[in-house]
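Here's the structure, in structure tokens; my notes come after.
Residue numbers (my numbering): 6 to 306.
Laid out in structure tokens, this is it:
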């Protein structure tokens, strides 16, 4: 009688599979497979143990799950106000430390839209010859239209100094009149860090990782960080550069292992959107968005 009631209870919680487990356990117990024949009370405790094991695992309300990786570093950009004020001497003994910290806190959100350059001439032997293809110029026009259609107030458009990124940026800028256009050598394409797992089709020398990695990391530190405390309004900044640079930026900003950058793929002319809150929290709003392009215009070269 006890087993029938328990079976009905289990079926309500965990379905027929849990009932079969309990039935098998009960049969084994009655035949002494668990050792010496147990009393009726002992069999009931066994049944309750199986019932407990059949329940789905969940975290009770009010209990924080145990973290399974590295803790989030709120001072990842070295701009956390609490870290900046630690250890500093106060010139005025009556000054309120909390007030000083509040004045130094960022209040605006930075939105960084990372654009991969459009398709370019792969057969060019020098950077100057690796200009956009006719399709690449179409892609840049489509990306410019998309950025304009978003209706955002862009503050600046920065681009890599390589030919394909420069040309892409200039086409996009026609759709965003009044937005300042700047060039930056730090954003040039390169090998940011040796990828894990490795690939067989692309193996730069160790010195290239050493040189390019330092430069691309410097670009990350220059462009990817929380807002300055003096910034009053949210900002929207466009950076036109390269797939390797963008993928490395995303891994670093989200505090993922940067060696995983090559596990992501980005279409030409695609938009990757990072948001950096005043608290230092980072969110990836889009990764390689190219849904605004017709299927026949999509490439990833």
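Just so you know, even glycine gets a beta-carbon here, dropped at the ideal spot from N, CA and C.
- prompt: Could you give the C-beta distance for residue 141 and residue 273, rounded to a whole number, given that I count them as a contact under 8 Å?
  reply: 7 Å
field: Extent of the continuous alpha helix (DSSP H) to which residue 206 belongs
entry: Per DSSP, residue 206 belongs to no alpha helix (DSSP H) and is neither H nor E.
Straight-line Cα distance separating residue 133 from residue 301: 27 Å
query: Any idea what DSSP makes of residue 301, helix, strand or coil?
result: helix
message: Distance check for residue 116 and residue 306, CA to CA, integer angstroms please.
response: 26 Å
message: Just to confirm, is the Cβ distance from residue 260 to residue 85 under 8 Å?
response: Cβ atoms of residue 260 and residue 85: not closer than 8 Å.
- prompt: So what does DSSP say about residue 169, is it helix, strand or coil?
  reply: helix
message: Less than 8 Å between the beta carbons of residue 122 and residue 169, yes or no?
response: yes
- request: Let me know if residue 127 comes out buried or exposed under the rule of 16 or more other beta-carbons within 10 Å of its beta-carbon.
  value: exposed
- request: Within its chain, find whatever has a CB closer than 8 Å to the CB of residue 263; leave out the 5 residues flanking it on each side and keep chain order.
  value: 197, 198, 253, 256 and 257
message: Determine whether the beta carbon atoms of residue 120 and residue 229 lie at a separation below 8 Å.
response: no
query: Just checking, does the segment 148-163 make contact with the segment 225-245 on the three C-beta pairs under 8 Å criterion?
result: yes
- request: Could you name the residues of the same chain whose beta carbon sits closer than 6 Å to that of residue 92, not counting the 5 residues immediately before and after it, in chain order?
  value: The pLDDT assigned to residue 92 is 49, lower than 50, so where the model puts this residue is not dependable; a value taken from the coordinates is nonetheless given after this. Once the five neighbours on either side are set aside, residue 92 has no close Cβ partner at all.
- prompt: Just to confirm, are residue 191 and residue 151 a CB contact at a threshold of 8 Å?
  reply: no
task: Figure out for me which residue from 82, 227, 172 and 203 has the closest Cα to the Cα of residue 146.
output: 172
- prompt: How is the alpha helix (DSSP H) around residue 221 delimited, first residue to last?
  reply: 211-228
message: By DSSP's criteria, residue 255 is part of a beta bridge. Which residues make up the other side?
response: According to DSSP, residue 255 bridges with nothing at all.
- request: Return the CA-CA distance between residue 182 and residue 237, expressed in angstroms with no decimal places.
  value: 23 Å
task: Check the C-beta distance from residue 124 over to residue 138 and give it rounded, since I have them as a contact under 8 Å.
output: Between residue 138 and residue 124 the Cβ distance is about 5 Å, and since that is below 8 Å, they are a contact.
Top-ranked residue by Cα proximity to residue 289, from 295, 296 and 281: 281
Close beta carbons around residue 149, own chain, < 8 Å, minus the five adjacent residues each side: 176, 177, 178, 179, 180 and 181
query: In terms of alpha-carbon separation, which member of 266, 287 and 215 lies closest to residue 232?
result: 287
task: Just the C-alpha distance for residue 235 and residue 279, rounded to the nearest angstrom, thanks.
output: 21 Å
message: Just to confirm, is the Cβ distance from residue 201 to residue 270 under 8 Å?
response: no
message: Looking at the secondary structure, which residues open and close the beta strand (DSSP E) in which residue 288 lies?
response: For residue 288, the enclosing beta strand (DSSP E) begins and ends at 287-294.
- request: Determine the direct distance from the alpha carbon of residue 75 to that of residue 136, and round the result to whole angstroms.
  value: 42 Å
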